[in-house]
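In the UniProt record's numbering, the protein residues as written are 1 to 416.
Written below as structure tokens is the structure these notes are about.
Right, dumping it as structure tokens:
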């Protein structure tokens, strides 16, 4: 994720105060590296601080940091912050050797470390300042960071610092009656959708409902409705529908349809009329009636200019194409998936996996890993969650997150 362009940094406290807003949480036992482009902040990277074995032979860790930072092609400098559990940000630090290795490596790579800090639970200090007259032990109070001018500006802009990713609050509470109704509807819709998996009209009906929901104005995008929500959860249980929803949100309807067609999912011999909640069929000239809705033969409107290149599923999954995804629609999908997960079960595994992929696309590996672990808790062995979690563990960057012009902007254009 890239940083806003026009924030005014007046002190180290401002830089350190920006980091939790950039990540979304106050990091613990973390190395945070921020690239610089002249006097401008670039990308933010967070990695778990290594243990003793890695510190003794840190070459692979150093190369992982370099690989991440080199994705910012315009970077000409680096800032480093070591968030430790030492209340006093003690000096000397066990990470002094790691800092020296990073300093040497980044100097050779043309991204010299301009400043570095140790931040403990209660105190912080400049890593290279040994003058007790200006850097007296145990350091400066961390409260200075929380009270910094830039931190106040970020709060004024609407940014907030939440809990650690693994401590994320559960979905918004809903009534037990609603959840029971959703699960009942999900069971009924699943039986209907299983019979229609090879049907192209059924695929179109599913995609139409998701597209219309995600394209709705944010304030209207979600009103709890048990029958519809049961249908959405049931659709996530069909891998072809789940994948198409992710592709459509990022790359448009044409990409979702083309990819499904290339995978050979459809069979002409499936002649069952499609089913969907009533609103899907409104305005199509077809009849509808709960689980026995009539056919929705109208094709959903296409997106993108005629003749434009249509990305494949693999390219979209890895963030290679399109050049810039539809971040607004991905944010809407993230919100919907979070609410659908509330009813638990197998559909929650699909919901958390989708959220994990979106977080990975945003360059937020810690959040991605947390969501993907929730998916595997909901359904151990859930294959897509396992594959994505392996990407996160290897430190693989989503293509969009690695390119400044495509990267997700947490604070939006108005923050720049």
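We treat Cβ as the ideally placed atom computed from N, Cα and C, and that holds for glycine.
Inter-residue spacing [alpha-carbon to alpha-carbon] between residue i and residue j
i	j	result
residue 27	residue 191	45 Å
residue 65	residue 200	46 Å
residue 331	residue 325	11 Å
residue 196	residue 228	18 Å
residue 74	residue 98	25 Å
residue 208	residue 109	49 Å
residue 359	residue 164	14 Å
residue 121	residue 198	56 Å
residue 310	residue 101	44 Å
residue 130	residue 136	9 Å
residue 374	residue 334	15 Å
residue 397	residue 357	12 Å
residue 383	residue 394	17 Å
residue 23	residue 372	18 Å
residue 177	residue 140	53 Å
residue 270	residue 213	27 Å
residue 340	residue 238	15 Å
Nearest to residue i (by Cα), restricted to the options the options
i	options	result
residue 49	42, 36, 56, 30	30
residue 72	53, 96, 79, 36	36
residue 274	95, 202, 316, 153	202
residue 205	277, 233, 135	277
residue 345	179, 378, 85, 323	378
residue 380	224, 139, 350, 336	350
residue 59	140, 25, 105	105
residue 82	388, 107, 118	118
residue 107	76, 85, 116, 133	76
residue 32	399, 409, 400, 366	366
residue 160	230, 224, 17, 259	17
Counted within 10 angstroms of its Cβ, other Cβ atoms place residue i as buried (16 or more) or exposed
i	result
residue 151	buried
residue 113	buried
residue 248	buried
residue 134	exposed
residue 128	exposed
residue 20	buried
Coil, strand or helix - residue i by DSSP
i	result
residue 37	strand
residue 77	strand
residue 30	strand
residue 237	coil
residue 13	helix
residue 42	strand
residue 47	strand
residue 324	coil
residue 115	strand
Residue i Cβ short of 8 Å to the ligand PLP heavy atom set
i	result
residue 397	As far as ligands go, the structure on display features none, and thus does not contain the ligand PLP.
Query raised in the report: Residue ranges of each alpha helix (DSSP H) run of no fewer than 4 residues wholly in the region 249 to 282, ordered along the chain?
Result: 253 to 262, 278 to 281
**Report entry** Sequence ranges, beta strand (DSSP E) only - wholly within the region 117 to 198, length at least 3
**Finding:** 123 to 126
Query raised in the report: Along the chain, which unbroken stretches of the alpha helix (DSSP H) at least 4 residues long are found entirely within the region 335 to 365?
Result: 345 to 361
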